[in-house]
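Chains as they are written, first to last, in our numbering: chain A, 1 to 343; chain B, 344 to 686.
2 protein chains.
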Amino acid sequence: MTQAPVPLLLRALAGETLPRPPVWFMRQAGRSLPEYRELRTRAKDFIAFCHDPQMAAEATLQPMRRFPFDAAIVFADILLIPRALGQDVWFEAGEGPRLGELPPVETLAAQVEASTARLAAIGETLSLVRGQLEPERALIGFAGGPWTVATYMIEGRGSDRSAARTFAYQHPQTLDRLLEVLVDSTARYLVMQAKAGAQALKIFESWAEGLAEDVFERIVVGPHKAIVEKVRGAGVTAPFIGFPRGAGALVETYAAQVPVEGVALDTQAPFALGRRLQAQGKTIQGALDNLLLRAGGPALDARVEAYLEAWGQGPYIFNLGHGILPDTPIEHIARVVERITRG
Amino acid sequence: MTQAPVPLLLRALAGETLPRPPVWFMRQAGRSLPEYRELRTRAKDFIAFCHDPQMAAEATLQPMRRFPFDAAIVFADILLIPRALGQDVWFEAGEGPRLGELPPVETLAAQVEASTARLAAIGETLSLVRGQLEPERALIGFAGGPWTVATYMIEGRGSDRSAARTFAYQHPQTLDRLLEVLVDSTARYLVMQAKAGAQALKIFESWAEGLAEDVFERIVVGPHKAIVEKVRGAGVTAPFIGFPRGAGALVETYAAQVPVEGVALDTQAPFALGRRLQAQGKTIQGALDNLLLRAGGPALDARVEAYLEAWGQGPYIFNLGHGILPDTPIEHIARVVERITRG
């Protein structure tokens with residue numbers, strides 16, 4: 001009896017430099033695939049879709065059938081947590097998320113334990129996917145970073161975050177308490193995901209940009225550290241990937257202080273910065289421009305080679321710097337994934 | 344006969360560490376001042392206002408009367424250059440700039456020499472201001488960075504720049520030629536400004552964010568280097584401040600490659616990064632959060648002290664990380680400027 005191979009993604013996150021990096025793409029499941037757009041019409045709304053384990057598992061697996069990705073990421077949304085905590089969340093077609101008024105923070109806090117039960121469907125999605133995914137392909141669970149989730153909760157929609165950043169200055173204690181509640185519910189949610197089959201856990205801090213260093217340490221670094229420690233404290237050993245998108249030079253502060261195994265880098269991360277993180281023992285992930293993936297052509301091919309050369313000598317996961325854009329030609333995705341998996 | 348004192352701003356840009364840093368604020372002139380809003384009603388539109396030396400000089404001087412700023416910056420706009428090159432530019436009230444269709448690049452190129460003459464009013468503004476400003480206060484001229492100006496020329500308005508960034512991938516030769524034309528017209532414009540009285544020159548690359556390293560080097564670093572070299576080649580000795588806003592860790596690439604005396608840092612620049620630039624011989628400027636200036640309170644006071652402590656030991660110009668927001672209370676501006684000038 002032979003043992004199941006350890007998925008490449010997990011080997012990379014354990015610090016191994018491999019003959020070729022594992023590859024997956026942010027938003028590999030979803031609107032860029034026609035089969036997803038067809039599937040999506042069967043649910044009454046996006047929230048219902050995310051909470052239907054059969055449909056969400058199918059969406060998770062669709063890109064895995066089309067492309068030889070080394071990892072699947074559970075189909076879900078970072079705003080399921082505020083909804084599970086009792087804030088209204090809905091999606092306006094073509095406009096993105098909308099949230100109802102922010103409840104008092106202690107009202108949210110009282111819902112933390114219940115929130116994990118309300119997210120049980122995402123655990124079922126993970127179990128379904130894990131049952132169907134080949135053992136050499138990893139399954140990733142995720143949650144939004146507390147600050148990013150808080151910006152939506154405070155502003156009620158996607159925005160330039162200036163109202164949330166002003167809130168951080170004007171109501172520091174309320175914000176800190178809200179982040180505490182989000183840390184707690186997010187840690188429980190990730191523990192549940194790991195128990196349901198997630199082999200790696202990613203924290204998407206999509207709006208880490210534009211923050212002053214002291215604010216960044218307070219509202220991004222601290223909460224991420226707390227989440228990782230809580231999840232570890234619950235006995236979960238799945239590795240973490242932290243993604244402080246837009247943090248610029250502060251990504252080094254993040255990597256030095258947050259005990260994640262992997263750091264996802266965005267498009268503007270210099271090669272030298274990635275190599276410094278590798279030298280400090282981090283596995284890096286990223287950072288191809290999603291606009292270049294969509295544009296294609298010789299510039300795309302050249303940039304893929306440049307990443308392999310710059311970062312392939314240390315532990316590295318090939319990915320984009322941001323999610324796949326909906327109108328990205330499928331042949332561009334196929335071409336890059338083929339190049340990486342060819343080795 | 345005593346010699347006129349060298350303005351603090353110029354001493355800082357010459358690399359001097361001073362008992363207290365000079366201070367000025369981006370957008371110190373303009374909508375945050377009631378006297379500006381009154382003045383503005385006298386011109387038929389924003390472009391006409393910028394091209395009226397009397398009114399533009401008055402707008403430049405208004406904040407100098409209210410606050411003990413160490414430098415004035417000429418009231419103008421980064422989109423005066425595309426207009427001078429023959430592209431339509433107008434401002435929709437409350438919505439920002441709009442530009443007509445991008446003319447063929449060679450049509451723009453044929454207008455480079457004429458464009459400087461069409462910007463003569465800005466030279467007159469500088470002369471008027473220099474005549475009225477105390478000799479110990481410096482006068483700054485400026486232009487937009489070629490990439491930032493190109494994003495407006497390509498997209499026709501303020502945007503997330505994804506169309507311009509896609510253009511950079513799909514039409515690299517056209518973009519490079521457009522940047523060349525902008526480098527040429529911008530260098531001539533800055534030479535004219537220096538001859539008219541500008542004692543320091545700033546390049547505002549407001550949209551340097553989100554660019555991959557290779558693209559950043561090609562479309563930001565290269566053109567800035569070319570501008571500085573052309574202006575120096577024309578015999579101008581005024582120091583430069585480069586502002587690659589949002590460049591994150593790439594600001595170090597910028598500082599290493601562009602021969603500017605000063606590097607303006609945005610809100611998210613870590614203290615350690617600023618100190619590294621100082622150690623490399625650059626004067627740094629920045630980087631107080633404009634949202635914090637607006638919010639005020641003890642957090643503002645504490646952050647001002649933190650900047651003085653972190654950066655005051657090397658050549659430093661106190662400023663914001665982005666422009667003053669229109670609804671910033673005047674007493675917050677006064678309080679910070681008073682603190683800095685008190686020493």
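Virtual Cβ for every residue (Gly too), placed ideally from N, Cα, C.
Whose Cβ in chain A lies nearer than 9 Å to the Cβ of residue i?
{"i": "Arg531/B", "result": "Going along chain A, no residue has its Cβ under 9 Å from Arg531/B, so there is no contact; the nearest lies around 31 Å."}
Please classify residue i as buried or exposed, where buried requires at least 16 other C-beta atoms within 10 Å of its C-beta.
{"i": "Lys387/B", "result": "exposed"}
{"i": "Thr237/A", "result": "exposed"}
{"i": "Trp90/A", "result": "exposed"}
{"i": "Pro613/B", "result": "buried"}
{"i": "Glu444/B", "result": "exposed"}
{"i": "Arg42/A", "result": "exposed"}
{"i": "Pro82/A", "result": "buried"}
{"i": "Arg294/A", "result": "buried"}
{"i": "Ala615/B", "result": "exposed"}
{"i": "Arg37/A", "result": "exposed"}
{"i": "Glu252/A", "result": "buried"}
{"i": "Pro135/A", "result": "exposed"}
{"i": "Asp70/A", "result": "buried"}
{"i": "Arg685/B", "result": "exposed"}
{"i": "Thr107/A", "result": "exposed"}
{"i": "Glu338/A", "result": "exposed"}
{"i": "Glu95/A", "result": "exposed"}
{"i": "Asp266/A", "result": "buried"}
List, in chain order, every chain A residue whose beta-carbon is nearer than 7 Å to that of residue i.
{"i": "Phe614/B", "result": "Glu213"}
Under DSSP, the beta strand (DSSP E) around residue i begins and ends at which residues?
{"i": "Tyr241/A", "result": "The amino acid at residue 241/A is misidentified as Tyr; the sequence shows Ile. It spans 240-244 - the beta strand (DSSP E) in which Ile241/A sits, taken as one unbroken run."}
{"i": "Gln628/B", "result": "626-631"}
{"i": "Ala200/A", "result": "200-205"}
{"i": "Ile562/B", "result": "Segment: none, Ile562/B is in no beta strand (DSSP E) and carries neither H nor E."}
{"i": "Glu435/B", "result": "432-435"}
{"i": "Ile73/A", "result": "71-73"}
Report the neighbours of residue i on chain A: residues whose CB is nearer than 8 Å to its CB, in chain order.
{"i": "Ser470/B", "result": "In chain order: nothing, as chain A lies at least about 37 Å away."}
{"i": "Arg508/B", "result": "Asp289, Leu291"}
{"i": "Ala638/B", "result": "Thr166, Tyr169, Gln170"}
{"i": "Thr596/B", "result": "Pro270"}
{"i": "Ala642/B", "result": "Tyr169, Pro172"}
Below 9 Å on C-beta distance, what does residue i contact in chain B?
{"i": "Ala120/A", "result": "The contacting residues do not exist; Ala120/A stays about 37 Å from chain B at best."}
{"i": "Leu33/A", "result": "Those do not exist, as Leu33/A stays about 21 Å from chain B at its closest Cβ, beyond 9 Å."}
List the residues of chain B that residue i touches, going by C-beta distances under 7 Å, in chain order.
{"i": "Asp160/A", "result": "None at all; the shortest Cβ gap to chain B is about 10 Å."}
{"i": "Gly210/A", "result": "Thr610, Gln611"}
{"i": "Leu250/A", "result": "Gln611, Pro613"}
Locate the alpha helix (DSSP H) running through residue i, then write down its first and last residues.
{"i": "Trp490/B", "result": "489-498"}
{"i": "Leu99/A", "result": "Note, Leu99/A: premise wrong, no alpha helix (DSSP H); beta strand (DSSP E) at 96-99."}
{"i": "Trp311/A", "result": "298-311"}
{"i": "Ala452/B", "result": "448-452"}
{"i": "Gly474/B", "result": "463-475"}
{"i": "Ala598/B", "result": "594-600"}
{"i": "Val181/A", "result": "172-196"}
{"i": "Gln54/A", "result": "53-66"}
{"i": "Thr341/A", "result": "330-342"}
{"i": "Gln621/B", "result": "614-622"}
{"i": "Pro377/B", "result": "377-383"}
{"i": "Pro425/B", "result": "423-427"}
{"i": "Leu352/B", "result": "351-356"}
{"i": "Ala48/A", "result": "46-50"}
List the DSSP bridge partners of residue i.
{"i": "Tyr659/B", "result": "Ile627/B"}
{"i": "Val23/A", "result": "Phe318/A"}
{"i": "Val263/A", "result": "Gly242/A, Ile284/A"}
{"i": "Ile140/A", "result": "Ile73/A, Ala200/A"}
Strictly below 8 Å CB to CB, what residues from chain B border residue i?
{"i": "Leu8/A", "result": "Residues of chain B passing the Cβ test: none, with the nearest at roughly 25 Å."}
| task | Mind the definition here: the segment 473-483 of chain B touches the segment 498-511 of chain B only if three or more C-beta pairs lie below 8 Å; say whether that holds. | result | Flag = no, the segment 473-483 of chain B and the segment 498-511 of chain B do not touch.
| query | At a cut of 8 Å, does the segment 204-216 of chain A reach the segment 176-188 of chain A through at least three beta carbon pairs? | reply | Result no; under three Cβ-Cβ pairs closer than 8 Å.
| request: Please determine if the segment 390-407 of chain B and the segment 359-378 of chain B are in contact, where contact requires at least 3 C-beta pairs separated by less than 8 Å. | output: The segment 390-407 of chain B vs the segment 359-378 of chain B: in contact.
| message | If contact is defined by three or more beta carbon pairs under 8 Å, each pair taking one atom from either stretch, is the segment 460-478 of chain B in contact with the segment 506-520 of chain B? | response | The segment 506-520 of chain B vs the segment 460-478 of chain B: no contact.
| task | Check whether the segment 653-661 of chain B touches the segment 191-207 of chain A, counting contact only when three or more Cβ pairs, one atom from each stretch, lie closer than 8 Å. | result | Note that the segment 653-661 of chain B does not touch the segment 191-207 of chain A; fewer than 3 beta-carbon pairs, one per stretch, sit closer than 8 Å.
| field | Segment contact flag, the segment 323-333 of chain A with the segment 454-464 of chain B, C-beta cutoff 8 Å, min 3 pairs | value | Taking 8 Å as the limit for Cβ pairs, the verdict is that the segment 454-464 of chain B does not touch the segment 323-333 of chain A.
| Per the contact definition of three or more C-beta pairs closer than 8 Å, is the segment 413-427 of chain B in contact with the segment 389-396 of chain B? | Yes, the segment 389-396 of chain B is in contact with the segment 413-427 of chain B.
| said: Count Cβ pairs between the segment 640-649 of chain B and the segment 226-246 of chain A that sit closer than 8 Å; are there 3 or more? | reply: Not touching, per the Cβ criterion.
| said: Any contact between the segment 659-671 of chain B and the segment 622-639 of chain B? By contact I mean 3 or more CB pairs, one from each, below 8 Å. | reply: With the rule of 3 Cβ pairs closer than 8 Å, the segment 659-671 of chain B counts as touching the segment 622-639 of chain B.
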